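From first to last, the protein sequence lines are chains A and B.
Number 217 in UniProt numbering belongs to position 217 of the first sequence; there are no gaps in the numbering.
Number 166 in UniProt numbering belongs to position 166 of the second sequence; there are no gaps in the numbering.
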Amino acid sequence: QASADANRPFAGLSDVSISEDIPVEGDISVPVGPSARRDDEFSTLDEPVKETVLRDLRAVGKKFVHVLYPKRSTALLRDWDLWGPLLLCVTLALLLQGGAADSDYQGGPQFAEVFVIVWFGSIIITINSKLLGGTISFFQSLCVLGYCILPLTVAMAVCRIVLVAGSGSVSFAVRLVVVTASFGWSTFASTAFLADSQPANRKALVVYPVFLFYFVIGWMVLTFSPSQ
Amino acid sequence: TMSAGSGNKNTEPWGSFDDNLIQGSGSAVIDMENMDDTSGSSFEDMGELHQRMKEEEEVTEEAAATEDHEDGEFLGMKGLKGQLGRQVADEVWQAGKRQASRAFNLYANIDILRPYFDVEPVQVRSRLMESMIPVRMINFPQKIAGELYGPLMLVFTLVAILLHGMKTSDTIIREGTLMGTAIGTCFGYWLGVSSFIYFLAYLVNAQITMLQMLSLLGYGLFGHCVVLLVSYNIHFHFLFYVLWLLCGGLSTLRMVAALLSRTVGQTPRLLLCGTLSVLHMLFLLYLHFAYHKIVEGLLDSLEGPNMVPMQRVARDVPELTINATVRSLVPLLRAH
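Structure below.
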């Protein structure tokens, strides 16, 4: 009897009436036993940490591949996650450290600036695409925009390597080509995912802010010059 | 979709706090609980459903609570006061929560902005072209489109062009401060000057709404974008002045004509249009000299003894550029 009562904690509410005329009937108790057993089957709380981390890393890696070879697939949209964008943002911000002439104030603000620009830029583009009647949800859009920063992060790494060799006009030309190519790649990759969610005649209105966003990030990458 | 208020939820004999509340429930906010929702219209329904379910839940809780309290009133005077106090506090809390959630749904609702973004690319393109073509008809109010997509994109484009100007002046400047300055300048100009002109228009009783003013000034920045894009790449002072007069002048004339058509009386027209023209043209001048001359200002200052930190230069821009500007303008004037 006691266990039955424990299993039906909300049983007493089944005879509450909202108004005098219409009594509410029925059983709204939730049996606790079976659902706990069902949860155990899908619960990932007991697996080793290595497995969890590897599973997430594999998901992130799979999405990286989708970005590098953008074709119309829904993988990025269906299982969105924000680990990839966070990793890319942190990597980009770290690579942009240590630049420019002064080393006094260089550390903190630059890291924060990259973060603020990436995340607020993505939020603004997402709101814009929703206001234009897009069918994509908020976090899916953030996920896509974050993942498509991958080419620009790769370009930043390449630029740093080129800058080690020298910082003359040849290196500038090389960096310009690399950054322009990766900027185009990023824009193309993100529109492959985002444009599908828009009504046909408004694609240009959504693509333009994305273009501006990656242009600004590309500008940050290109104008980076290491401290002497 | 908006639905009418779902009847009187008055469960108290002495009248609850519901009477003056906003009736009707708004449609959904960016509802974080519907994360994986991929269809556009259903999130509005989900939000409304959610809100209605929450309110029904609250009514049920209230009803259950009042029933419990009413039973307790028969416990005697002390029990009565305690129960009544708790009841009142509970009712105040529920009413406050309901009011706050309704206000939040109303003001944090991005659907308020949705009609202002309802444009087609062809419309945007034609409005961009029209922003450089003044219309002569000033006896009848000119039509001003009330949209925010074009102006917002133009402000962001102006920010990007300013940043590009930094790059082509080939200086090593800390991106942080200048990015913030660029964004602050452009948005500050758009929002601030729009509000100021709207305020003046309100004083002289001109027929223009805030949205129209924002839209008008936003599209007026198209001329600025074009001029700056050209002059940051081709460093020719004479070309800049010609473009300043031409493109800046045309976009100013367009805005002025639109305002003239909506204002009555000589003095109000002079005040409104004079202020707008002066601010608009001076802004273009400022953008060119402040962000272009920063190169020469820096180079000059690096010779001097005191100007080492770059960030101080960026923040002291007005003083520095006035000096640099004067210095560069003097030989120019002498040459003419």
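Each residue gets a CB set at the ideal place from its N, CA and C atoms; glycine is no exception.
Bear in mind the structure is a predicted one, so any value in this text is a computation, not a measurement.
Whole-angstrom C-beta distance between residue j and residue i, which should lie under 8 Å
i        : j        : result
B/Pro141 : B/Arg254 : With a Cβ gap of about 15 Å, B/Pro141 and B/Arg254 do not count as contacting.
B/Pro198 : B/Gly150 : Rather than Pro, the amino acid found at residue 198 of chain B in this sequence is Tyr. In fact, because the Cβ distance is near 18 Å, the residues do not count as touching under 8 Å.
A/Phe211 : A/Thr187 : 5 Å
B/Val193 : B/Leu279 : 5 Å
B/Leu217 : B/His288 : In fact, because the Cβ distance is near 19 Å, the residues do not count as touching under 8 Å.
B/Trp244 : B/Leu282 : Going by Cβ atoms, the distance from B/Trp244 to B/Leu282 rounds to 10 Å, so no, they are not a contact pair.
B/Phe117 : A/Leu131 : 4 Å
B/Pro268 : B/Val204 : 3 Å
B/Leu163 : B/Met179 : 7 Å
A/Ala189 : A/Val67  : 5 Å
B/Leu200 : B/Thr275 : 6 Å
B/Glu91  : A/Asn201 : Not really, about 52 Å apart at Cβ, beyond 8 Å.
Residue burial classification, residue i (beta-carbon count within 10 angstroms, cutoff 16)
i                      : result
B/His237               : exposed
A/Ile161               : exposed
A/Ile149               : buried
B/Gly165               : buried
A/Thr126               : buried
B/Leu259               : buried
B/Ser215               : buried
B/Tyr202               : exposed
A/Arg78                : exposed
A/Gly218               : buried
B/Arg125               : exposed
A/Gln198               : buried
residue 239 of chain A : The structure shown does not extend to residue 239 of chain A, since chain A is modelled only from 1 to 228, so the question has no answer here.
B/Ala290               : buried
A/Asn128               : buried
residue 231 of chain A : The structure shown does not extend to residue 231 of chain A, since chain A is modelled only from 1 to 228, so the question has no answer here.
B/Ile129               : Rather than Ile, the amino acid found at residue 129 of chain B in this sequence is Met. Exposed, by the Cβ-count rule.
B/Val88                : exposed
A/Val216               : buried
B/Glu147               : buried
B/Leu299               : Any reading at B/Leu299 is ruled out, since the residue's pLDDT is 46, under 50, leaving its predicted position unreliable.
Three-state secondary structure (DSSP) of residue i
i        : result
B/Pro121 : helix
B/Cys273 : helix
A/Trp80  : coil
B/Lys81  : helix
B/Met137 : coil
B/Gly72  : Note that B/Gly72 has pLDDT 46, beneath the 50 cutoff, so the model's placement of it is unreliable and the number below is only indicative. Three-state DSSP puts B/Gly72 in a helix.
B/Asn109 : coil
A/Val49  : helix
A/Arg175 : helix
B/Gln266 : helix
A/Asn201 : helix
B/His142 : According to the sequence shown, residue 142 of chain B is Gln rather than His. Coil at B/Gln142, not helix or strand.
B/Val204 : coil
B/His235 : coil
B/Leu191 : helix
A/Ser137 : coil
B/Thr209 : coil
A/Ser190 : helix
A/Cys159 : helix
A/Phe10  : coil
B/Ser131 : coil
B/Cys247 : helix
A/Cys89  : helix
B/Tyr291 : helix
A/Thr126 : helix
A/Gly168 : coil
B/Ile197 : helix
B/Cys225 : helix
Distance cut-off 7 Å: residue i Cβ against heavy atoms of the ligand ADP
i        : result
A/Ile125 : As for the ligand ADP, it is missing from this structure, which has no ligand bound.
Close beta carbons around residue i, own chain, < 8 Å, minus the five adjacent residues each side
i        : result
A/Leu82  : Phe139, Leu142, Cys143, Gly146
A/Phe64  : Gly84, Tyr147, Leu150
B/Ser131 : Tyr219, Gly220, Phe222, Gly223, Ser251, Arg254
B/Arg136 : Ala257
A/Cys159 : Arg175, Val178, Val179, Val221, Leu222, Phe224
Sequence-distant residues of its chain with Cβ nearer than 6 Å to residue i (five each side left out)
i        : result
B/Ser101 : none
A/Met220 : none
A/Val118 : Cys89
B/Cys186 : Val155, Leu158, Val159
B/Cys247 : Gly223, Val226, Val227
A/Thr91  : Thr153
Residues of its chain near residue i, where Cβ-Cβ distance is below 7 Å and the 5 sequence neighbours each way are ignored
i        : result
B/Cys225 : Leu154, Thr157, Leu158, Ile161
A/Ala195 : Lys203, Val206, Val207
A/Thr191 : Val207, Val210
A/Thr135 : Ser197
A/Thr44  : Thr52
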